[in-house]
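Worksheet for the structure shown next.
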Amino acid sequence: MSVRLYNTIKRAKEEFIPIDDKKVGLYTCGPTVYNYAHIGNLRSFVFEDILKRTLKFLGYKVTQVMNLTDIDDKTIRDSIAANIPLRDYTQKYKDAFFEDLDKLRFDKAEVFPAATDHIKEMIELIKTLVDKGYAYQSEDGSIYYSIAKFSAYGKLARIDMKNQRSGVRIKTDEYEKDSVADFALWKAWTEGDGDNFWESPWGKGRPGWHIECSAMSMKYLGKTFDIHTGGVDNMFPHHEDEIAQSEAANGVKFVNYWMHCEYLIVEGQKMSKSLGNFFTLRDLEEKGYNCNAIRWVLISAHYRRTLNFTLEACKQAQETLKNFTSFFIRLKEIADSDKKGDDISATVNSHMEKFSEAMSDDLNISEALAAVFGLQKETNKLIASNILGQNAAATVLDAFKKFDSVLAVFEFEQKGNDIPEEITKLVEERQTARKNKDFATSDIIRDRLKDLGWSVEDTPKGPRISKI
RNA sequence: GGCGUGGUGCCCAAGUGGCCUAAGGGAGUGGUCUGCAAAACCAUUAUUCACCGGUUCGAAUCCGGUCCACGCCUCCA
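Under this note's numbering, the first residue of the first sequence is numbered 13, with each subsequent residue one higher.
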């Protein structure tokens, strides 16, 4: 089956053909670790996770590199303001970031290179650019990339520099550049940087932001690699600058497929702190939303469409996932029984095929989810008419585990499998009450259990207890 | 000013020339099951795809215009 991906630089979907057969090199612009990631950051990371998982699902072996920007204006500014050494300051947010990745069930990148561990590589790359005449030193010692020297500049974002507004935003410190649009490769040390600097052939200073992605992607994935992803806002200037740096230095194509994730808005409005709709994962957890539901919301819209993130959607997602969990419990009960039934592998296969085809078509998640829901519905019908047997149930469960290797939102095992004694006791009491047809008491106990966070469903085989 | 995206039911969201009298989910309503619930099952909720005009045998899908929302144009995911 051929995989089709939307390649931003072509503005079209095209067949995905990796450089090396079934191996894929994937570079992802990671976070700047100066604060907690917000839900918008997380959306694009989740998109990249879905991309990676989909490729693996389709049989590719993926090497993903996600950089951590732990040196830039913001990290320096905030660490100095907090009076904490940069390294300690960024470590805190690196840790927080990895916590988020775990909570959202990421298939983590193979390499998470930190910028500060690759200063040497960046200096080498800058040297090459200076030697080749693409970069120059300004009066203050900083090194700038001269975009006028790279004729293809603007090919990704389709920006013609001649048409751009100019003059309005020139700040005094930019007068040292040959052209306003030139960007810094190496920033000469200033007092405001404190003791955050490295020695270089151009004196002490620190790297610019764009050079880190060029240097690190090259180191781990080679001069040309398959896929580069990021948020749409990174397209210009960041990705455009990466192309300029990498292609000028190496003389070969930088990236074959560019993929960009759209923005996220919250409750129909742009996310901002002043509107009070600025959420981190922590904020949402405090409000009582679980991470699977949040992940569900983030993956449930196509990555190239603006996603309207709402708390209502989180609630709905929780509802959906709860139904799936109870579906899995029922399936498991049948799978563990010795019930005979019809063979349904044809149904399972056709839904699996639909899912696979949908995801292969530029990650058409909506169609893929329709296939998932379709199999659930078909299976439920068989359960309702009592013809789903043990083997079939096991087959269906396997199929959902396969779906989940891409989606990573389902719970197959009951969390906290061990039900507290207190709960078991209450359930027993309730059973006794029910036997005695004392339904008033039975209902009171059920409410009580609900308050304690457990739900009881009465089935022919007895009560089914599950965590809410 | 330049470049670009989108407006589909109560909400979310696929579909981009005929299989669309528009997939799927959530929510609602009626029914089956249940002591009652929950879950599940059955039925039901857009002759219509922002608006106006055009192309076509045929348009949610193509073209033109209008309105609305949004993004990028130097470090913001």
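We put the CB at the ideal spot given by N, CA and C, even for glycine.
Note that the structure is predicted; figures quoted are calculated from it, not measured.
Taking a cut-off of 8 Å for Cβ pairs, the stretch 316–323 and the stretch 270–283 touch, as three or more such pairs fall below it. In this chain, the alpha helix (DSSP H) harbouring E254 covers 252–262. When rounded, the separation of the alpha-carbon atoms in K68 and R442 is 48 Å.
Beyond the five residues adjoining it in sequence on each side, I159 comes within less than 8 Å, by CB distance, of Y165, M173, S191, A193, D194, F195, A256 in the same chain, given in chain order.
The alpha carbon of P475 has as its nearest neighbour, out of K437, D463, L464, A452, the alpha carbon of K437.
Taking a cut-off of 8 Å on C-beta distances, the stretch 87–98 does not touch the stretch 345–357, as fewer than three cross pairs fall below it. In the three-state reduction of the DSSP assignment, D85 falls in the helix class. For C41, there is no enclosing alpha helix (DSSP H), as DSSP marks it with neither H nor E. Residue pairing by DSSP places I306 opposite no residue, since no beta bridge is assigned to it.
Collapsing the DSSP output to three states places D205 in a helix. DSSP links L80 through a beta bridge to A126.
The three-state reading of DSSP puts M271 in strand, counting E and B together. Note that the C-beta distance between A126 and Q76 is not below 9 Å. For E345, the closest alpha carbon among the candidates N403, I96, E440 is that of N403. Taking 9 Å as the cut-off, the beta carbon of S56 is found closer than this to the beta carbon of T241. Note on F385: under 16 other CB atoms within 10 angstroms of its CB, so exposed under the neighbour-count rule. In this structure Y39 touches F237 by the C-beta definition: roughly 6 Å separates them, less than 8 Å.
By the Cβ test, the stretch 325–344 is in contact with the stretch 302–312, since at least three Cβ pairs between them sit closer than 8 Å.
Residue pairing by DSSP places N320 opposite I277 in a beta bridge.
The alpha-carbon of N79 is positioned some 33 Å away from that of E324. Two segments are said to touch when three or more pairs of C-beta atoms, one from each, lie closer than 8 Å; by this definition the stretch 125–140 touches the stretch 201–220. In this structure, V45 lies near K106, with their beta-carbon atoms less than 9 Å apart.
When only Cα atoms are considered, K104 and H50 end up about 15 Å apart.
In the DSSP assignment, W214 falls outside any beta strand (DSSP E), carrying neither H nor E.
Between the C-alpha atoms of Y146 and W198 there is a straight-line separation of about 13 Å. Taking the Cα of K25 as reference, the smallest distance to any Cα among Y232, F451, D374 is reached at D374. When DSSP states are grouped into helix, strand and coil, K352 belongs to the coil group.
In its chain, beyond the 5 residues on either side, L464 have a beta carbon closer than 8 Å to the beta carbon of E434. Unbroken beta strand (DSSP E) runs of no fewer than 3 residues, entirely contained in the stretch 396–448, are not found.
In the DSSP assignment, Q149 is bridged to I155. The alpha carbon of D100 has as its nearest neighbour, out of E111, L113, D112, I83, the alpha carbon of I83. Annotated three-state conformation of I477 is strand, per DSSP.
Shown here for N304: same chain residues with a beta carbon closer than 6 Å to its own, the five before and five after excluded, namely L333, V421 in chain order. Note that the C-beta distance between T20 and L168 is below 9 Å. Contact annotation: the stretch 202–209 does not touch the stretch 219–232, with fewer than three C-beta pairs closer than 8 Å.
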